[in-house]
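In order, the protein sequence lines correspond to chains F and X.
Just so you know, the first sequence maps onto residues 1 to 317 in full-length UniProt numbering.
Just so you know, the second sequence maps onto residues 1 to 317 in full-length UniProt numbering.
Number of protein chains: 2
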Amino acid sequence: MNSVGKSWLLLTGLIVFYIIYLLFGALVFSTIERPVEEQLRRDMDALKQEFLNQSCVSAASLENFLVRVLTANKYGVSALRNSSVTSNWDLASSMFFANTLVTTVGYGHTTPLSDTGKVFSIVYALIGVPFTMLVLTACVQRIMYPLVIAPVCLLQRSGLEPRPATVVHFLLLLVLVVLCFFLMPAAVFSAVEVSWSFLDGLYFSFISLCTIGLGDFVPGMQPRQKYRPLYQVAVMVYLFVGLMMMYLLLRTFHKMSDLHGLTSFLQLPRCEDSDMEEEREPIVHEDSRTANNVTEKAASKPLDPGSQPSYNTINKG
Amino acid sequence: MNSVGKSWLLLTGLIVFYIIYLLFGALVFSTIERPVEEQLRRDMDALKQEFLNQSCVSAASLENFLVRVLTANKYGVSALRNSSVTSNWDLASSMFFANTLVTTVGYGHTTPLSDTGKVFSIVYALIGVPFTMLVLTACVQRIMYPLVIAPVCLLQRSGLEPRPATVVHFLLLLVLVVLCFFLMPAAVFSAVEVSWSFLDGLYFSFISLCTIGLGDFVPGMQPRQKYRPLYQVAVMVYLFVGLMMMYLLLRTFHKMSDLHGLTSFLQLPRCEDSDMEEEREPIVHEDSRTANNVTEKAASKPLDPGSQPSYNTINKG
């Protein structure tokens, strides 16, 4: 198979495995957390009934009642009648939770109740977070040509100087991302979610795609929402593609900074060179003494990053 | 000034500016959110009093009461008597919130109540998130030599082959990070926070340093905690240094993957070369036709990342 075919096969494999990993996480979280949640929900109902049955409400009994209501709420179990119809740990919701873990968004609108759930969250994220970064990197790598390289070259062909071309391209890409991944989704969210304003939708999109994930606005949390599982899957796809575009924007900005000398001014690693492995002079030396030489050289001025040796001065053996 | 001095001056400048940016954020958040929070707190007290004064509690009035209690709780205003002594928007807490925004951890234990606060959060994170990444990258860049390059060279000098040396070094670094940034902090948190077990502490450290930040466990949220502002600042420092170490670990892993051929197997950009700018053959061509040539070349097989042109084939003009 040629390298183009192999490249796409690899990417498809990664994405399929990513979906399987999310489904696996959803199944495990659902299995672990659903019984605990149901128990807490029953306790909450009993508590409410008991509270209503008492003849007179004292400040102390109210305080005691509220402590338990707020604790349950922390774990995503609401004491309200409306919200108890759906579970936070059905398959779609568990998958949504698994997705917020591996993308590091972490809304925290629902969190594991049991110690087993906490341990599984750690193990699941330990594998899932780097894997998601890998899948995102692989995707961004494949859309670099159509969305960055080709447009920049096109701008240059149309007569722009190279540096202005990269700036114009970055600004165009920025407008495209803001429009398609912030403003349009904000309009959709404010239409679908009854209590959200346009600003709330924009705030949600921004807080999510920066992976901050405060969790004060989470889609699909309203009672009696139609097609809730489908909606949650759509939000997951939006988050994934959105994160991909944010990463693309970041890489493009990094590359532009390289070209405009900002990276070298700040003495930071440059981005641009990582794509050009094949076409470069080899830096890896066959001489095994190189590592020692480099150490001595670096030790003389260890704080200048430009002169620091890197892993690639090490003989690959 | 020599380049070592300039490099450190730059880093110090970045860190000082980072602290100033956090303080600025804290001041603005505190100014915007504190009055709104105080109003909500007063409303909550009045609501509780009114609820207690009624002769008989009906299911409807309880439901109505709980809706408002849970909404206020979402914004970090608890209806409990104990927790109303401290504000979520005093200077230290606001700085802690600002820090969770710019590091993308985003616990969401407290969130902006007003629209002004939401808009400011967006603008603040828009500048703060890339800036924090810049500061973290600059710091990691400076600790690469003592924590990665030097130890690997030392391992090689002591007779290890280059590839095993990088593996041994990575494992040692991993143990160091797990010990100093997960196990030890977990022990400290479980000692300081009354209701946290060791597992809770570990879970908090992990969820925070992966920037997931679910927010089910947030330090310094218990009522009547001594030296709360100081404790919050300590947690902020822990988060910053911890994130730096996580980033270092990630870069080291990326470099190790390069060396072991994993990166090229997955056709991803390599990491290792970004440190070696100065010592390499220039790839930037003086010929302005290069960009066009590269486009044509790339268009013939656009999907093979290895052969894709990058920004550095563009004439720097």
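All C-beta atoms in this analysis are idealised placements derived from N, C-alpha and C, irrespective of residue type, glycine included.
Residue-level contact to chain X via CB, residue i, 7 Å cutoff
i	result
Arg-68 (chain F)	no
Leu-171 (chain F)	no
Ser-158 (chain F)	no
Ser-7 (chain F)	yes
Tyr-203 (chain F)	yes
Val-129 (chain F)	yes
Gln-267 (chain F)	yes
Val-123 (chain F)	no
Ile-20 (chain F)	no
Ile-212 (chain F)	yes
Phe-206 (chain F)	yes
Gly-215 (chain F)	yes
Thr-132 (chain F)	no
Extent of the continuous alpha helix (DSSP H) run through residue i
i	result
Phe-17 (chain X)	3-53
Asp-258 (chain F)	228-259
Thr-110 (chain F)	Thr-110 (chain F) -> no alpha helix (DSSP H), and no H or E assigned at all.
Val-167 (chain F)	162-178
Ala-72 (chain F)	59-74
Asn-99 (chain X)	91-102
Tyr-203 (chain F)	198-209
Arg-157 (chain F)	150-157
Leu-262 (chain X)	262-265
Ala-79 (chain X)	That residue, Ala-79 (chain X), is in no alpha helix (DSSP H); it is neither H nor E in DSSP.
Val-192 (chain F)	184-192
Interface flag, residue i vs chain F, CB-CB below 7 Å
i	result
Phe-17 (chain X)	no
Cys-180 (chain X)	no
Glu-63 (chain X)	yes
Thr-12 (chain X)	no
Gly-242 (chain X)	no
Val-218 (chain X)	no
Val-57 (chain X)	yes
Lys-118 (chain X)	yes
Leu-199 (chain X)	yes
Buried versus exposed call for residue i [16 or more other C-beta atoms within 10 Å across all chains shown]
i	result
Glu-281 (chain X)	Here Glu-281 (chain X) scores only 33 on pLDDT, less than 50, and its place in the model should not be relied on; the value that follows carries that caveat. Label assigned to Glu-281 (chain X): exposed.
Lys-226 (chain X)	exposed
Asp-191 (chain X)	According to the sequence shown, residue 191 (chain X) is Ala rather than Asp. Exposed is the call here.
Ile-19 (chain F)	exposed
residue 327 (chain F)	Nothing can be reported for residue 327 (chain F): it is not among the residues displayed for chain F, which extend from 1 to 317.
Cys-56 (chain X)	exposed
Cys-180 (chain X)	exposed
Arg-251 (chain X)	buried
Ser-158 (chain X)	exposed
Ala-98 (chain X)	buried
Ala-46 (chain F)	exposed
Met-184 (chain F)	exposed
Asp-216 (chain X)	buried
Lys-48 (chain F)	buried
Phe-265 (chain X)	exposed
Ala-60 (chain F)	exposed
Glu-161 (chain X)	exposed
Asn-53 (chain F)	exposed
Gln-39 (chain F)	exposed
Thr-103 (chain F)	buried
Asp-258 (chain X)	buried
Phe-204 (chain X)	buried
Trp-8 (chain F)	exposed
Gly-13 (chain F)	exposed
Phe-189 (chain X)	buried
Inter-residue CB distance, residue i and residue j (contact presumed, cutoff 8 Å)
i	j	result
Glu-50 (chain X)	Ser-87 (chain X)	With a Cβ gap of about 23 Å, Glu-50 (chain X) and Ser-87 (chain X) do not count as contacting.
Ala-92 (chain X)	Val-233 (chain X)	7 Å
Val-175 (chain F)	Leu-155 (chain F)	In fact, because the Cβ distance is near 14 Å, the residues do not count as touching under 8 Å.
Tyr-107 (chain X)	Gly-108 (chain F)	7 Å
Thr-211 (chain X)	Val-105 (chain X)	5 Å
Ala-138 (chain F)	Leu-11 (chain F)	5 Å
Phe-29 (chain F)	Ser-94 (chain F)	4 Å
Leu-62 (chain X)	Val-69 (chain F)	That pair is no contact at about 10 Å.
Gly-117 (chain F)	Glu-33 (chain F)	5 Å
Leu-136 (chain X)	Leu-249 (chain X)	About 13 Å; that fails the 8 Å criterion.
Thr-110 (chain X)	Gly-76 (chain X)	3 Å
- Could you please tell me which residues of the region 69-100 of chain X, in chain order, have their CB closer than 8 Å to any CB of chain F? Cβ proximity to chain F below 8 Å picks out Val-69, Leu-70, Asn-73, Lys-74, Tyr-75, Ser-78, Ala-79, Leu-80, Arg-81, Thr-100 from the region 69-100 of chain X.
- Task: Can you give me, in chain order, the residues of the region 26-53 of chain F that have a beta carbon less than 8 Å from any beta carbon in chain X?
- Result: Residues of the region 26-53 of chain F with a C-beta less than 8 Å from any C-beta of chain X: Lys-48, Phe-51, Leu-52, listed in chain order.
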